[in-house]
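There are 2 protein chains.
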Amino acid sequence: MTDVKSKSFSAGKAFETADRLHSAAIHLLRRLRVRDRESGVGPAQLSALSVLVFGGPRSLGELADAEQVRPPTMSRIVSGLEREGLVRRHATEDGRRVRLEASAKGTKILQEGRKRRVESLAKALSSLSEKEQGQLGDFLELLQQVIRNL
Amino acid sequence: MTDVKSKSFSAGKAFETADRLHSAAIHLLRRLRVRDRESGVGPAQLSALSVLVFGGPRSLGELADAEQVRPPTMSRIVSGLEREGLVRRHATEDGRRVRLEASAKGTKILQEGRKRRVESLAKALSSLSEKEQGQLGDFLELLQQVIRNL
DNA sequence: GCAGATTAGTTAGCATAGCTAACTAAATTG
DNA sequence: CAATTTAGTTAGCTATGCTAACTAATCTGC
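From first to last, the protein sequence lines are chains A and B.
Heads up, the first sequence is in this note's numbering, so the first residue is 1 and it goes up one at a time.
Heads up, the second sequence is in this note's numbering, so the first residue is 1001 and it goes up one at a time.
This is the structure in structure tokens:
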């Protein structure tokens, strides 16, 4: 709040940017959750399923790493997905590892969720100019880079 | 993925933007949560406290609206904040309503959390050029607008 | 001015999701 | 082949989300 000029990014600006990013992420997810709940699949399950659908099969540990959660957390998320028939466990040569794969049903559910999400988003985006919509894509590029470095 | 050109925002692009926003929000929060956990205050509590600190005192219902959660959910979040002495309940003329106010301790804890968050974010932002850092602020403006319309 | 309706908040009970600690089972290593 | 390491699960805690059902206070209409 004080300290107006530092090397390249003022402390006040950084504080504000951090808070706004934090708040924006929280509120965005709360809104999207409303639509996602229609699928009967929780947000963590949906996100994990998305990795399997778009990134292909992998082990539980790899999925936990991709989702930045601990193995026990991912173990339970996968149990839920398996119970609903959205993901299948397969044995591998390494008897400790499991190979997780999205089922056809899981892929379908995920794509339906995407459809609902995009409906909400498209509606929200309609208030932006075409140019701004393009900028949003650039922003996401930047944001993804920031998150990777976080 | 097909349907390359629609009126102003192709379906494929909208799908991708929706997914990327969704995924970015999830992963951003997971990362920030790591630092926020040091405060011993959960993410929902921190977000609610932030509204009281920066937006001033208000009723439980108003806070629930601001945070986009149901009253019972906010009631419990506030109970946790009160238990830790970060928020105080005051009576109002309307006997049904409570006036929620951040305590000095709550304000201090929030600002410390901000500090930790901005440390992480500043580190992540250091990989961006100065110009990109400026753009990030502008794009946040856009994102907040999208969320308000969601 | 009081009976009934409305409004604010809480309580109870359920589910998901995060964690650590402690366990099992399988593979690797010396 | 014994000891260590690695992969995953189970158990148990906390926090957050919801709906349904409750209490208490205020407002409305006659």
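Built from N, CA and C at the ideal position, the CB exists for glycine as well.
Short of 8 angstroms in beta carbon distance, which residues of its chain neighbour Asp1092 (chain B), apart from the five on each side in sequence? Order them along the chain. Checking the sequence shown, residue 1092 (chain B) turns out to be Thr, not Asp. The beta carbon of Thr1092 (chain B) sits closer than 8 angstroms to the beta carbons of Ser1059, Val1098 and Arg1099 from its chain, once the five residues preceding and following it are set aside; these are given in chain order.
Show which residues of chain A have a CB atom less than 7 angstroms away from the CB atom of Ile1147 (chain B). Correct list: Ala24, His27, Leu28 and Arg31.
Expressed to the nearest angstrom, what Euclidean distance is found between the alpha-carbon atoms of Glu130 (chain A) and Asp36 (chain A)? Straight-line Cα distance between these residues: approximately 26 angstroms.
Glu112 (chain A) touches chain B at which residues, Cβ-Cβ below 8 angstroms? What Glu112 (chain A) touches in chain B: nothing, since even the nearest Cβ is about 12 angstroms away.
Kindly say whether Ala1124 (chain B), judged by its beta-carbon, lies nearer than 7 angstroms to any beta-carbon of chain A. Judged by the 7 angstroms Cβ criterion, Ala1124 (chain B) is in contact with chain A.
Coarse secondary structure for Arg1097 (chain B), derived from DSSP in three states: Three-state result, Arg1097 (chain B): coil.
Is the stretch 65-75 of chain A in contact with the stretch 105-112 of chain A, if contact means three or more CB pairs nearer than 8 angstroms? Result no; under three Cβ-Cβ pairs closer than 8 angstroms.
Can you pull the chain A neighbours of Asp1065 (chain B), defined as C-beta to C-beta under 9 angstroms? Within chain A, no residue comes near Asp1065 (chain B); the closest Cβ sits about 12 angstroms away, beyond 9 angstroms.
For chain B, is any of its Cβ atoms less than 7 angstroms away from the one on Arg37 (chain A)? Not an interface residue.
Please classify Gly137 (chain A) as buried or exposed, where buried requires at least 16 neighbouring CB atoms within 10 angstroms. Exposed.
Where does Val87 (chain A) sit, in a helix, a strand or coil, going by DSSP? Here Val87 (chain A) sits in strand by DSSP.
So, is Asp1019 (chain B) buried or exposed, given that buried needs 16 or more other C-beta atoms within 10 angstroms? Looking at its Cβ environment, which holds 16 or more other Cβ atoms inside 10 Å, Asp1019 (chain B) is buried.
The alpha helix (DSSP H) spanning Thr107 (chain A) covers which residue range? Thr107 (chain A): member of the alpha helix (DSSP H) spanning Ala104 to Leu125, first to last residue.
Below 8 angstroms on the Cβ atoms is my guess for Ile147 (chain A) versus His1027 (chain B); work out the distance and round it to an integer in Å. About 5 angstroms separates the Cβ atoms of Ile147 (chain A) and His1027 (chain B), confirming a contact at the 8 angstroms cut-off.
Beta-carbon proximity of Gly134 (chain A) to Leu46 (chain A), cut-off 7 angstroms: It is not a contact, given that the beta carbons lie outside the stated cut-off.
Do Asn149 (chain A) and Ser1127 (chain B) count as a contact pair if the criterion is CB distance below 7 angstroms? The criterion of a C-beta distance shorter than 7 angstroms is satisfied by Ser1127 (chain B) and Asn149 (chain A).
Min CB distance Leu52 (chain A) to chain B below 7 angstroms: With 7 angstroms as the cut-off, Leu52 (chain A) does not count as an interface residue toward chain B.
Per DSSP, which one or two residues make a beta bridge with Arg1058 (chain B)? According to DSSP, which records beta bridges pairwise, Arg1058 (chain B) is partnered with B:Leu1100.
For the putative contact between Leu1121 (chain B) and Ala14 (chain A), defined by C-beta atoms under 8 angstroms, what is the C-beta separation to the nearest angstrom? The pair is a contact, with the Cβ atoms about 7 angstroms apart (cut-off 8 angstroms).
Which chain A residues sit within Cβ distance under 8 angstroms of Ala1104 (chain B)? What Ala1104 (chain B) touches in chain A, judged by beta-carbon distance under 8 angstroms, is nothing: the nearest beta carbon there is about 17 angstroms away.
Just the C-alpha distance for Glu82 (chain A) and Leu63 (chain A), rounded to the nearest angstrom, thanks. Using only the alpha carbons, I get a separation of about 14 angstroms.
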